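Colleague: Okay, handing you the structure first.
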Amino acid sequence: MMKKKSIPASKPLLILFLCQIISALDVPLDLSQPPTITHQSPKDYIVDPRENIVIQCEAKGKPPPSFSWTRNGTHFDIDKDAQVTMKPNSGTLVINIMNGGKAEAYEGVYQCTARNERGAAISNNIVIRPSRSPLWTKEKLEPHQVREGDSLVLHCRPPVGLPPPIIFWMDNAFQRLPQSERVSQGLNGDLYFSNVQPEDTREDYICYARFNHTQTIQQKQPISVKVFSMDSLNDTIAANLSDTDIYGAKPVTERQPVLLTPTGSTSTKVELRGNVLLLECIAAGLPTPVIRWIKEGGELPANRTFFENFKKTLKIIDVSEADSGNYKCIARNTLGSVHHVISVTVKAAPYWITAPRNLVLSPGEDGTLICRANGNPKPSISWLANGVPIAIAPEDPSRKVDGDTIIFSHVQERSSAVYQCNASNEYGYLLANAFVNVLAEPPRILTPANKLYQVIADSPALLDCAYFGSPKPEIEWFKGVKGSILRGNEYVFHDNGTLEIPVAQKDSTGTYTCVARNELGKIQNEVHLEIKDPTMIIKQPEYKVVQRYGQVSFECIIKHDSTLLPTVIWLKDNDELPDDERFLVGKDNLTIMNVTDKDDGTYTCIVNTTLDSVSASAVLTVVARPNPPFDLELTGQLERSIELSWIPGDENNSPITHFVIEYEDGLHEPGVWHYQTEVPGTQTTVQLKLSPYVNYSFRVVAVNKIGRSQPSEPSEQYLTKSASPDENPANVQGIGSEPDNLVITWESLKGFQSNGPGLQYKVSWRQKDVDDEWTSVIVANVSKYIVSGTPTFVPYEIKVQALNDLGYAPEPSEVIGHSGEDLPMVAPGNVQVHVINSTLAKVHWDPVPLKTVRGHLQGYKVYYWKVQSLSRRSRRHVEKKILTFRGNKTFGMLPGLEPYSSYKLNVRVVNGKGEGPASPDKVFKTPEGVPSSPSYLKITNPTLDSLTLEWGSPTHPNGVLTSYILKFQPINNTHELGPLVEIRIPANESSLILKNLNYSTRYKFYFNAQTSVGSGSQITEEAVTIMDEAGILHPAVVAGKVQPLYPRIRNVTTAAAETYANISWEYEGPDHANFYVEYGVAGSKEDWKKEIVNGSRSFFVLKGLTPGTAYKVRVGAEGLSGFRSSEDVFETGPAMASRQVDIATQGWFIGLMCAVALLILILLIVCFIRRNKGGKYPVKEKEDAHADPEIQPMKEDDGTFGEYRSLESDAEDHKPLKKGSRTPSDRTVKKEDSDDSLVDYGEGVNGQFNEDGSFIGQYSGKKEKEPAEGNESSEAPSPVNAMNSFV
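575 is the number that my numbering gives to position 405 of the sequence shown; each next residue is one higher, with no gaps.
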């Protein structure tokens, strides 16, 4: 039956295992071997004098060794001392102290010897010393009287103990004295004050010494310190103190640093290699000096340097010879600095370079024992044989000593012995035993047969083949029954026979055979390896914050090898879960019900199998609203203020952010609590301002991130005295609601603002700039008063004063108001239009006299509309646009005009009441612009050397077309472009046959239209001529048409608005292409910006564009290197004014509503008459026959949107909304086209200019019907919001 053995996968255990397997092989205990010391007491052995002394010495060997001891270099006869016994089958001594023995009598140096017939091994020299904790010597301690700011040292001087005691300072209450940069304890135990302060005065400075071995603490007598401040001394105290008592009588002055320890400017320090180096500098001075450390000529060693005792102590661990050098400490304050240099020398007790190792040799073999050590100073090497110096040991012709090496040649069985190597210098010694055992043994394998190893995948696998033989056998490994010998980098073969597979995989599973052979024989053994899947936590518990009394769940979902049985354990704070039914452990989770504050902590999920262990932890924080504050107290009561203090409640793991103070007015609003103020969470008192005539009670609410606490208990009540009002109503205004009145309004005072009973208001007014007396009226506690019979839009001075039964409030400030406005009387005159370019015009007008405005001048509105296109001579429904110019401006810019068109405009003045009359219509025309791209380009009828091109005229010619420009060039198989050919075509042509082309050649065509202004946007296409004369069609030619070369993206079009653009394209090629859109500012050298298109759509909306900016754009497909469309250029429109019109103010709308109301009234009368006559009225049939179009339900498929309404007739109401740019397709509106500032552009509800002239709006307009002229096509209307106002 196979035996199972688990090999841990953790790296530290692997390192330990490898350290063991590469050591010298042990001789089986059934074979003869010299003694080996296996355990012994430490060299320096300090014992507790109250307990028995146990000196350990254990050894193994065959035959079992016998033991003897020496004490102080002479034989120690344990049989003659009744207090000393030796443990059976052991060399360990037990000295009985607890039954009358004295530990001091057994102080000395002990050494153990283990001996059998093959040699003798010896232990280290073990120095036995009992620990000592002597009492403090009695001394008379004088009180220390010291002046404030001076330095002070309190000496500890503990008794000398073994080992040295640990020193600390405490007071009479056994509380450690606080230490800081100013007050600290030195390495010698003294307490240093860099400067004393009055708070240092006390009578219980006590130094304690703790002796760990004896577990005792010795106490020094208390030291008294009194600090005098010269400023606080009165004449009597000064007369009773001598100068020496107070170290002089000068006031406290600042002093530069002086070193208290070490003294002088330099000192030396010797430390041993591997120890901890401690260097100390403590300085006096005022202000307290700051200590800094440097190493002269080098850097402080990283990762081994630490600063302790407020940087007064430099600590370097594990020092080596390289740490020798000069270390400088610098003490500095604002008055100067002082430094001290410590010269450090690192010496070294002996340490091993190569310790001697046991030798197992067969008769006639050779071997060596090597003993190499180092130290500072360099240690001397001496050899012993069986515990006797080798110089006087029995001769052995097979050995030769050569310094630190013993050479053995042709050994025989009598050469077996134990050799000792001693390396020593003035700082210590090393002693090592190593035996030479001469044996002749055939190989034997010590690892059990058919052992089963189970290992986690991707971890090291170590297969044992422990062996022995003399001569040393050779080891070979095989896999499988007939496998070949294992070699290669994937295996590691250790000296002790172990086979290591550094990274075991699933295919490493199988049977492995170990073969050991020497000249005396051969033996083999099989072991088995299984590889298991690792255990993993695939969903770890996560950090949770839960409110008190809530529920929380931690998940721990695992994945493991199916042959391993995992166990899941939950821990809280590395301990077992509480025995509480609220903790529910599920298969893969831990749930805590009704969470309490005690459930705070770290929860760990541990998953164990027989081969591995994994864990994951998460922290649970239980939070809650704060507990309410308590112990509210009112102090410092005054007429207008009071101080409130309180004690905060528990914050429940969520810091209190602030406190809210509320008050109740028991006189005016009993039971209603009002907000008073709030203070930070660190504050527990507040000075509160009070109002007269209020019966106050206060309460406090604590707030944290979880919420508000319950209010505290109310404070005691406090009634303030009555007084006249302190303040007058706020927000006094005078605005007429009609042309002949003035409405005066104000905000009434709140109850506690009245300051007393009988609150009223005195309202006063008079016309401004007229020598009228104030007219006043006293009204009750209201907030409005109407003055009638006023002139239209006249300024008034207004004031409102509060009063109560005790008097008037202070004199109120005056405000200016106006009586009611009326509509403006006249229209602006001298309207002039200057056309700047094909899409931009500037309009001027004369301002109207301010007296005719009859109200607050809001600005001017420019109404303008396109009459007809000059290129098509057709008329269409008019879309009126409105631009609003705030203030007293007399000019403005009209953007977004269509080239080569006729426009009309008029101007109206606007006040708060509405618009004035319109100026006479002004007609102006825009010049030609560049056309849009041709509507299409088709390539048909391919032949060997010709192609036929057909095209459609531009949708927006923007002028008179003069010609078309065709450019084309061949493209080779590597997508390189050939020479470009250009052809000019008359404007009246719509097709062209290109001849003399190359056969089976791909061509790229660029086509655009021209007006007298210039060329418009181009459209691109690609096509290929056929292959040969036999009529074999190129793969791209089918049914007489030129098919696109796959893949291809063409007809990239853009519809741009102010801040976005709709990009669309046509794609021909493989299905499921993933598109992207690249864009950038036209003419810029910046990298293209890339946007990924979701799915395989053929459109995309670019957002976040800058108004009035030209952009370049192209479309590409992912995964096709270098495949993208040609570039297109578009320009975003300038920020346009709103086109919104208030429908409720339109005459046609009011008339329509009146007609509908009249019709309904007539129908109701007819129905009533017929009903009274007993006749039947077929209402349903009438309604079906004469359905009102205004109340027809919207069809789901008619393409309209319910929330938008046009200002046109019903025939236009259900047209689909046209989305996209309002910029003309020729894109001629550019920054350089106008020298005028953008401040000149108008503004609407959603569009206006800021004070800096930036345009932030869009068009606002309405539509009117006009008679159609010619054959001009009608364009779909844009959505209109029928609102028109000023912002």
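By construction, the Cβ of each residue, glycine as well, lies at the ideal position given by its N, Cα and C atoms.
Predicted model, so just to flag it, every value in this text is computed and none were measured.
Is residue 891 helix, strand or coil when you go by DSSP?
Modeller: Reduced to three states, the DSSP call for residue 891 is coil.
Colleague: Report the CB separation of residue 885 from residue 907 in whole angstroms; it is logged as a contact under 8 Å.
Modeller: Going by Cβ atoms, the distance from residue 885 to residue 907 rounds to 48 Å, so no, they are not a contact pair.
Colleague: So which of 729, 980, 745 has the shortest CA-CA distance to residue 778?
Modeller: Residue 778 has its Cα closest to that of 729, out of 729, 980, 745.
Colleague: Return the residue from the list 957, 864, 882 that minimises the CA-CA distance to residue 1498.
Modeller: The structure shown has nothing for residue 1498, since the chain only spans 171 to 1457.
Colleague: What whole-angstrom Cβ distance do residue 388 and residue 329 have, given they're in contact under 8 Å?
Modeller: Residue 388 to residue 329, Cβ: 7 Å. Contact.
Colleague: Report the start-end ranges of each alpha helix (DSSP H) in the stretch 584-609 that is 4 residues or longer and not cut off at the edges.
Modeller: The qualifying runs do not exist here; there are none.
Colleague: Can you list, in chain order, the stretches of the beta strand (DSSP E) that have 3 or more residues and sit fully within the stretch 480-541?
Modeller: Listed in chain order, they are 483-486, 495-503, 506-524, 529-531, 537-540.
Colleague: Who pairs with residue 1136 in a beta bridge, going by DSSP?
Modeller: Residue 1136 is bridged to 1153, 1177.
Colleague: What residues in its chain sit with their C-beta under 8 Å from that of residue 341, if we drop five residues either side in the sequence?
Modeller: 347, 372, 374, 375, 376.
Colleague: Take every Cβ of the stretch 731-745, pair it with every Cβ of the stretch 804-821, and state whether three or more of those distances are shorter than 8 Å.
Modeller: No, the stretch 731-745 is not in contact with the stretch 804-821.
Colleague: Label residue 1020 either buried or exposed according to how many other C-beta atoms from any shown protein chain fall within 10 Å of its C-beta, with 16 as the threshold for buried.
Modeller: Label assigned to residue 1020: exposed.
Colleague: Quick check on residue 178: does DSSP put it in helix, strand or coil?
Modeller: Confidence in residue 178 is poor, its pLDDT being 41 and thus under 50, which makes the residue's placement unreliable; the coordinate value appears in the next sentence. Reduced to three states, the DSSP call for residue 178 is coil.
Colleague: If the criterion is Cβ atoms closer than 8 Å, does the pair residue 1032 and residue 1048 meet it?
Modeller: No, they are not a contact pair.
Colleague: Tell me which residues share the same chain as residue 747 and place their Cβ nearer than 6 Å to its Cβ, disregarding the 5 neighbours each side in the sequence.
Modeller: These residues qualify, in order along the chain: 740, 753.
Colleague: Where does residue 1063 fall in DSSP's three states?
Modeller: Note: residue 1063 maps to strand in three-state DSSP.
Colleague: Determine the DSSP secondary structure at residue 678, reduced to helix, strand or coil.
Modeller: Reduced to three states, the DSSP call for residue 678 is helix.
Colleague: If you follow the beta strand (DSSP E) that residue 714 is in, where does it begin and where does it stop?
Modeller: First-last of the beta strand (DSSP E) with residue 714: 714-717.
Colleague: Taking the Cβ atom as the reference point for each residue, do residue 390 and residue 440 lie within a distance shorter than 8 Å?
Modeller: Result no, Cβ atoms of residue 390 and residue 440 do not sit closer than 8 Å.
Colleague: Please go through the same chain and pick out, in chain order, the residues whose beta-carbon is closer than 6 Å to the beta-carbon of residue 951, but skip the five residues on each side of it.
Modeller: The residues are 929.
Colleague: Which runs of the beta strand (DSSP E) at least 3 residues long sit entirely within the stretch 849-890? Give them in chain order.
Modeller: The stretch 849-890 contains these whole beta strand (DSSP E) runs: 855-859, 865-873.
Colleague: Can you tell me which of the three DSSP states residue 726 falls into?
Modeller: The answer is coil: DSSP assigns residue 726 none of H, G, I, E or B.
Colleague: Could you spell out where the beta strand (DSSP E) holding residue 570 opens and where it closes?
Modeller: Its beta strand (DSSP E) spans residues 569-572.
Colleague: For residue 569, which residues in the same chain have their Cβ closer than 6 Å to its Cβ, ignoring the five residues on either side in sequence?
Modeller: If we look at residue 569 and ignore the five residues flanking it on each side, its Cβ neighbours are 576, 578.
Colleague: DSSP beta-bridge partners for residue 783?
Modeller: Answer by DSSP bridge pairing, in chain order: 778.
Colleague: Who are the near neighbours of residue 976 in its chain, counting only those whose CB is closer than 7 Å to its CB and skipping five residues on each side?
Modeller: 892, 893, 894, 926.
Colleague: Can you tell which of 428, 869, 791 has the C-alpha that lies nearest to the C-alpha of residue 768?
Modeller: Per the Cα distances, 791.
Colleague: Judging by CA-CA distance, which residue of 1101, 445, 854 is the nearest neighbour of residue 819?
Modeller: Out of 1101, 445, 854, 854 has the C-alpha closest to the C-alpha of residue 819.
Colleague: Are at least three pairs of beta-carbons, each pair with one atom in the stretch 614-632 and one in the stretch 770-784, less than 8 Å apart?
Modeller: Enough Cβ pairs lie closer than 8 Å, so yes.
Colleague: Tell me whether residue 1067 is buried or exposed, calling it buried when 16 or more other Cβ atoms sit within 10 Å of its Cβ.
Modeller: Per the 10 Å Cβ criterion, buried.
Colleague: Does the beta-carbon of residue 1083 have 16 or more other beta-carbons within 10 angstroms, so that it is buried, or is it exposed?
Modeller: With 16 or more other Cβ atoms within 10 Å, it is buried.
Colleague: Roughly how far, in whole angstroms, is the beta-carbon of residue 697 from the beta-carbon of residue 682, given that I think they are within contact range, below 8 Å?
Modeller: Confirmed, Cβ separation roughly 5 Å.
Colleague: State the DSSP-derived secondary structure class of residue 1229, mapped to helix, strand or coil.
Modeller: It is coil, neither helix nor strand.
Colleague: At a cut of 8 Å, does the stretch 1103-1112 reach the stretch 1175-1193 through at least three beta carbon pairs?
Modeller: Touching, yes, given that three or more Cβ pairs across the two stretches are closer than 8 Å.
Colleague: Per DSSP, what kind of secondary structure is residue 214 in: helix, strand or coil?
Modeller: Here residue 214 sits in strand by DSSP.
Colleague: Just to confirm, are residue 321 and residue 269 a CB contact at a threshold of 8 Å?
Modeller: No, these two residues do not count as a Cβ contact at 8 Å.
Colleague: From which residue to which residue does the beta strand (DSSP E) around residue 264 run?
Modeller: Its beta strand (DSSP E) spans residues 263-265.
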